[in-house]
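At position 319 of the sequence shown (counting the first as 1) the number is 319 in full-length UniProt numbering, and the numbers step up by one without a gap. In this text, a Cβ means the ideal position worked out from N, Cα and C, and glycines have one as well. Quick caveat, the model's predicted, so the values are computed rather than measured.
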Amino acid sequence: MSPRPRLLDLFCCAGGASAGYHAAGFDVTGVDIAPQPYYPFPFIQADALTVDLSGYDVVAASPPCQRYSTATPTSRRDDHPDLVDPIRQRLRDAVADGLIWGYVIENVPGAPLHNPITICGDTLRLGVRRHRLFESNLDLHGTRCHHDRSTPAVPVYGSYGQRGTRNPAGWEASRNPVDFDTETSPGTPTEAARAAMGIDWMPWPNLTQAIPPAYTFWIGTQLIGHARHHRPVTQATRAQTSPADATHRREPSPGDASPAAVTHPPRSTPDQPGELRGSVTTRTCHCGKPLARPTTGRWPRHCSHACRQAAYRARTKKDAA
């Protein structure tokens with residue numbers, strides 16, 4: 001059995017995103033600059049901008065969002081670090097150097113991500129709406145928004161020791177001491193918030209900052225699809241490959257459709273960061289006709305039933321030969 005690909009989750013906090021990637025098929029290790037006693041996987045306390053990335057296939061990163069969040073008063077946004085650009089450059093360099101083959105950066109709407117996809121909790125039928133953006137060097141698909149629930153989304157925001165209400169001037173909060181497990185957004189019990197997020201191991205302060213695992217399961221299953229076309233990045237394989245190589249190849253297996261299926265995409269360069277996003281909105285059938293992707297779901301492999309039958313006959317003839 002092939003080993004599970006390895007994913008390093010930077011800025012992991014209590015592991016909401018890590019849980020989704022793990023469920024999708026990755027062995028996950030978390031990195032955070034602060035101790036994370038509730039993190040459920042192997043953990044490294046380190047700076048995301050300096051931690052060693054070697055030995056991992058994919059790196060996911062969720063830099064602090066307070067600088068870009070609408071919940072942060074405009075006058076205080078400069079008090080928070082802007083780490084999106086530095087972490088992006090680090091991850092692109094890691095792809096270019098062959099340390100990793102993929103990366104994902106997550107943040108809130110308004111963050112300066114490049115060509116991000118959006119995931120909506122309503123569409124995934126969670127109890128929260130909680131739109132989040134994801135940038136990647138790989139071909140990923142988000143969700144459309146289906147805000148059609150009959151009840152309001154569960155509010156999961158705020159922090160321990162404060163209750164807030166939104167107004168044009170920002171957040172007003174009282175700091176009356178309250179019980180740890182009952183401190184919530186106004187009217188939201190912690191257990192209701194956990195159920196809405198799909199997270200049952202975090203206390204309230206971590207829930208407010210967490211990414212629902214369903215989001216990264218959605219992303220992770222797509223990354224696992226890419227993993228089939230990439231050799232695991234290990235010390236051994238990296239030693240055999242020079243940074244000047246443009247592609248990596250492995251011996252095709254019987255299940256491979258063609259040699260092209262086992263070829264890596266070109267590595268990143270400063271002008272061409274190796275992103276495969278051209279196939280997000282347009283794809284073609286093997287006969288050359290354009291394909292139409294459904295509103296939700298995967299791209300079809302063929303443009304028509306007749307074309308699917310022709311492809312099947314071609315495969316059967318090839319196998320018989």
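Measure the Cβ-Cβ separation of residue i and residue j and say whether it is below 9 angstroms.
i, j, result
"residue 61", "residue 9", "yes"
"residue 209", "residue 14", "yes"
"residue 125", "residue 156", "no"
"residue 26", "residue 5", "yes"
"residue 214", "residue 20", "yes"
"residue 144", "residue 120", "yes"
"residue 24", "residue 211", "no"
"residue 102", "residue 223", "yes"
"residue 319", "residue 226", "no"
"residue 38", "residue 201", "yes"
Work out the CA separation of residue j and residue i for me, nearest whole Å.
i, j, result
"residue 251", "residue 57", "Note that residue 251 scores a pLDDT of 38, beneath 50, so its modelled location is shaky; the value from the coordinates is reported in the next line. Their backbone Cα atoms lie some 19 angstroms apart in a straight line."
"residue 181", "residue 191", "Residue confidence for residue 181 is low, a pLDDT of 36 falling below 50, so the modelled location carries little weight and cannot support an answer."
"residue 196", "residue 128", "6 angstroms"
"residue 50", "residue 90", "9 angstroms"
"residue 87", "residue 310", "46 angstroms"
"residue 288", "residue 300", "14 angstroms"
"residue 117", "residue 17", "16 angstroms"
"residue 147", "residue 216", "20 angstroms"
"residue 45", "residue 55", "17 angstroms"
"residue 123", "residue 193", "17 angstroms"
"residue 110", "residue 221", "26 angstroms"
"residue 316", "residue 3", "31 angstroms"
"residue 63", "residue 305", "45 angstroms"
Counting only the same chain and skipping the five closest in sequence on each side, list residues whose C-beta sits under 8 angstroms from that of residue i.
i, result
"residue 43", "12, 29, 30, 31, 32, 36"
"residue 113", "84, 105, 107, 133, 134, 135"
"residue 198", "126, 212, 213, 214"
Where does the unbroken alpha helix (DSSP H) through residue i begin, and where does it stop?
i, result
"residue 47", "Careful: residue 47 lies outside any alpha helix (DSSP H) and carries neither H nor E."
"residue 18", "16 to 24"
"residue 221", "213 to 227"
"residue 91", "84 to 96"
"residue 207", "204 to 209"
"residue 144", "No alpha helix (DSSP H) holds residue 144; DSSP gives it neither H nor E."
"residue 195", "190 to 197"
Cβ-heavy atom distance between residue i and the ligand ZN below 8 angstroms?
i, result
"residue 306", "The ligand content of the structure shown is nil, which means the ligand ZN is not present either."
Quick check on the DSSP output: the beta strand (DSSP E) that includes residue i runs from which residue to which?
i, result
"residue 7", "6 to 10"
"residue 31", "27 to 32"
"residue 61", "58 to 61"
"residue 53", "Segment: none, residue 53 is in no beta strand (DSSP E) and carries neither H nor E."
"residue 119", "117 to 119"
"residue 132", "132 to 136"
"residue 104", "102 to 107"
Leaving out five residues on either side along the sequence, give the residues of the same chain with a beta carbon under 7 angstroms from the beta carbon of residue i.
i, result
"residue 285", "291, 302, 303, 307"
"residue 22", "28, 41"
"residue 313", "none"
"residue 53", "8, 59, 94, 99, 100"
"residue 206", "13, 14, 38"
"residue 281", "Bear in mind that the predicted position of residue 281 carries a pLDDT of just 46, short of 50, making it unreliable; the figure below should be weighed with that in mind. None."
I'd like to know if residue i contacts chain B, where contact means its C-beta is closer than 9 angstroms to some C-beta of that chain.
i, result
"residue 21", "The structure shown contains no chain B; it is built from a single protein chain."
Short of 6 angstroms in beta carbon distance, which residues of its chain neighbour residue i, apart from the five on each side in sequence? Order them along the chain.
i, result
"residue 47", "33"
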